[in-house]
Amino acid sequence: MKLRDVLPRGYAFTVIGITVGVAGLVSLGAMAERITRFIEGGDRFVLGQISVAGEGMGMGTGFTAGGLLPASRIAEIAAVPGVSGAQAQVMLPFNTSTSSFLTLTQELIMGMDLSVPMPNRHYRELPVRSGRPLRSGDRRVTVLGVDFAAARHLAAGGTVTLAGQDFSIVGILEKTFTAPDRFALVPIEDARELWLRRDPLLVQAFGAGSLRRGDLNTGAAVGWRDGEDPDALARRIQTTVKGLNVTIPGELSQLLRQSTAFFSALLLGIGALGLLIGGLSLANTVTAAVFERIRDFGIKRALGATDLDLLGEVLGEGLRVSLWGGVSGVALALVLGTAVDARVLRDGQQLFLFSSRLLVFALAFSVALGALAAGYATWRIARLSPAEAIRRGT
Amino acid sequence: MPVLDRVDLELESGEFVAVAGPSGSGKSTLLNLLGLLEPPDSGEVWLGSERVSHLGRRAQARARGASIGYVFQSFLLLSGLTALENVLLAARYVGKDRPEARRDALALLERMEVAHRKDHYPTQLSGGEQQRVAYCRAVLNRPPLVLADEPTGNLDDLHARAILSELRALAAGGNTAVLLVTHRTEGQAGTDRVLYLSGGRLASRPPASVA
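Just so you know, the sequences run in chain order W and X. Using the working numbering, the letters of the first sequence map in sequence onto residues 1 to 394. Using the working numbering, the letters of the second sequence map in sequence onto residues 395 to 605.
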């Protein structure tokens, strides 16, 4: 098969023009997809559990900002009717510098009580891409979020230093596109130890004998039984167990959405801009390519081509050219996006998400718009007499 | 302002007629009207027993493809197609059998001595070669009417004589009427009739200023 059979001669620059337009559309779309997935992922996580911390402020971080949550309180929470389980957690910032504290990109060390099943209804266990998950009885081992690992070129089987202590990496999580991608999961005993090493005030409290190790929790993830209304249960926990900061899942979700309203507007703008720029570029290129051949159409009409013949030919060529441009544009965006992400990932970030729905949409959009533009141009040309078309194109 | 005024022209099969006239006299407009390349403001064009000027767009297109061949001064070959593909283009829109069309096209190119250039694109051909390819395209469907608009305008004398000779031979075959627009006097030689277009009027004698 010759190249001319799949790509009409003289359309190279048209294909390049479409490629650039579609690459722009796909790149902007991939950024919008990335933001959408981040928001959706966060929403999914917080709606899958009731997050609880001790009364007060400033002890914890991540989702459970609040005071210390002693073991006795966690036991009380677990006894509240409707609760399916309460898992003690310790969340510590990986980097203690204030510049990264409580930002969307914060990296966390998350200690989990592995003797209790993970209560999050949407994440019964965090999916592992390579290696294995944490198991009850593990010590000084960690499972890393995919971005955390990628930023440091770490893999299962290696070691990582967390708060000055070496940990064996036993697994790497699947990409979740939300917070766990930047987590280092460790057994809760190890997290407590890291916390004590970091915080001299806590050591003094231990010295006074007022605290036991099991009380060193920044919070707990609470699950609910089937049929329970999580918001109602969260309020029930708040009133039943004293001294708690309970997050109402529905309210948190609403708060999250409010706080990400800017991003939602931004991604809507990015998407609209992508469609406009990519669409205009594509339509303009195809239309110009057809108008450039106005003389050819005049000649063909002189040789007996009907309007339908011409429309069929132009649509066929337009579809082929648009498809070529679409595929090349998608490929270009993938190559550039992957290269940029590889560069940016050094900081644990991902800018682009090339979802299959985005790629299918971009291809369908470019082909449909290409056909529409070609059809419009043909209609304009068909209104001319053959002699006029030949004159204008000469 | 009307370009043509009360023009009445009848061509018989096998007739070779030349139309002469100064620049801007409406020669090309006459050819465009007769070839259904432009709609007349008024008047009629008949092809055989059919009033083709009043047909619908689709039927007119079919009539152009099957019954009229064009040879233009600037050749008007499609730059994206080879010489052979340009000739075959004439067969595409009339539903001619493809192998048969290819056989005929190759035979025509052979006769016009450009078969060895069949796979070349127009930009790779000389003016004489392009016009011979254009001639092959015009006669591939054996149309009853061939319209030639200054076909020798861009050719040297040798190639001009060759094309005119082909057009004469075509008409002499008896099945095709050839209408030639030319300002060359040697082009008018050998035609059955020479008509003169001046002031929008067609006459069988040259205007006094020319005569």
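Virtual Cβ for every residue (Gly too), placed ideally from N, Cα, C. Since this is a predicted model, take the numbers as computed values, not measurements.
Bounds of any alpha helix (DSSP H) do not take in tyrosine 487/X, whose DSSP letter is neither H nor E. Selection Ala377/W, Arg295/W, Ala333/W and Ala364/W evaluated against valine 314/W yields Ala377/W as nearest (Cα-Cα). Alanine 75/W and valine 46/W have their C-alpha atoms spaced approximately 22 Å apart.
Within the segment 296-313 of chain W, Asp296, Gly298, Ile299, Lys300, Arg301, Ala302, Leu303, Gly304, Ala305, Thr306, Asp307, Leu308 and Asp309 place their CB atoms closer than 9 Å to a CB of chain X, listed in sequence order. Of all alpha-carbon atoms in Val186/W, Ser51/W, Val146/W and Ala179/W, the one lying nearest the alpha-carbon of glycine 111/W is that of Val186/W.
Counting along the chain, asparagine 426/X sits inside the alpha helix (DSSP H) bounded by residues 421-428. Per DSSP, reduced to three states, the secondary structure at glycine 304/W is coil, with no helix or strand assignment. What proline 516/X touches in chain W, judged by beta-carbon distance under 7 Å, is nothing: the nearest beta carbon there is about 12 Å away. Using beta-carbon distances, alanine 455/X counts as an interface residue toward chain W, with a partner under 8 Å. With 16 or more neighbouring CB atoms inside 10 Å of its own CB, phenylalanine 183/W falls in the buried class. Closest in C-alpha terms to tryptophan 224/W, from the list Pro386/W, Ala389/W and Ala79/W, comes Ala79/W.
Taking 8 Å as the cut-off, the Cβ atoms of isoleucine 557/X and proline 538/X do not count as close. Under the 10 Å beta carbon count, phenylalanine 13/W is surrounded by fewer than 16 other beta carbons and is classified as exposed. Annotation for histidine 553/X: Gly522 place their beta carbon closer than 6 Å to its own, counting only its chain and skipping 5 residues before and after. At a cut-off of 8 Å, the C-beta of threonine 394/W has a neighbouring C-beta in chain X.
Here the C-alpha atom of serine 592/X lies approximately 14 Å from the C-alpha atom of methionine 395/X.
If you keep only unbroken beta strand (DSSP E) runs of at least 3 residues inside the segment 239-266 of chain W, you get 244-246.
Within the segment 374-392 of chain W, contact with chain X at the beta-carbon level (separation under 8 Å) is assigned to Ser385, Pro386, Ala387, Glu388 and Ile390. The beta carbon of leucine 273/W sits closer than 8 Å to the beta carbons of Leu28 from its chain, once the five residues preceding and following it are set aside; these are given in chain order. With fewer than 16 other CB atoms across the displayed protein chains lying within 10 angstroms of its CB, asparagine 95/W is exposed. Residue pairing by DSSP places valine 52/W opposite Ala220/W and Val246/W in a beta bridge.
Taking the Cα of valine 575/X as reference, the smallest distance to any Cα among Arg400/X, Gly418/X and Asp399/X is reached at Gly418/X.
Following the DSSP letters along the chain, one finds proline 386/W inside the alpha helix (DSSP H) bounded by residues 386-393. DSSP places glutamate 523/X in the helix class (H, G or I) of the three-state scheme.
Judged by their CB atoms, isoleucine 277/W and methionine 31/W are not nearer to each other than the 8 Å cut-off.
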